[in-house]
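Trainee:
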Amino acid sequence: MYTLLDFKDKNLAAYLNSALRRHGLDSYVFPSGFGPEGEEIFSISCLQPSELKQGRYLIYSSRYFLNDIAPEAASELREIRNKHTQGILKLLTSKPAIIASALAMTAAALGYIFDL
Numbered sequence: 001m002y003t004l005l006d007f008k009d010k011n012l013a014a015y016l017n018s019a020l021r022r023h024g025l026d027s028y029v030f031p032s033g034f035g036p037e038g039e040e041i042f043s044i045s046c047l048q049p050s051e052l053k054q055g056r057y058l059i060y061s062s063r064y065f066l067n068d069i070a071p072e073a074a075s076e077l078r079e080i081r082n083k084h085t086q087g088i089l090k091l092l093t094s095k096p097a098i099i100a101s102a103l104a105m106t107a108a109a110l111g112y113i114f115d116l
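Sequential numbering from 1 applies to the sequence shown in full-length UniProt numbering.
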């Protein structure tokens, strides 16, 4: 099983799961444990990797999916999308990524200068 998202609110997880199922995704909501504060965590999970890919597209990219769901769920989904985008930007602007980029640019410049 492949987990798409985790939620503290069972009703929100069930609603988003029903919206995903309307868009052709075969997904299920399972209780997956307890959070650090003792609240129960619910996961939306898929059985196939191809469904996971489709689910990620719907959750993180599809404007049609965002417009198809209720405004309360859409605001939660926007927050999830923003966290996802910030995580990617944080990785791209991390110190190791900048060092690797600088080394690659230096190697390319030296290769161009010395005709290597």
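We put the CB at the ideal spot given by N, CA and C, even for glycine.
#1: At which residues does the beta strand (DSSP E) containing S27 begin and terminate?
#2: First and last residue of the alpha helix (DSSP H) that includes S50?
#3: Measure how close the beta-carbons of L66 and L77 come, nearest whole angstrom, since I'm counting them as under 8 angstroms.
#4: Check E40 in the structure and name its three-state DSSP category.
#5: Whose C-alpha, out of S27, T85, E39, is nearest the C-alpha of K8?
#6: For the beta strand (DSSP E) containing F7, list its first residue and its last residue.
#7: Out of curiosity, what's the CA-to-CA distance linking L5 and I44?
#8: In angstroms, rounded to a whole number, what distance separates the CA positions of R56 and A104?
Mentor: This is what the structure gives:
#1: 27-34
#2: 49-60
#3: 6 angstroms
#4: strand
#5: E39
#6: 2-7
#7: 5 angstroms
#8: 31 angstroms
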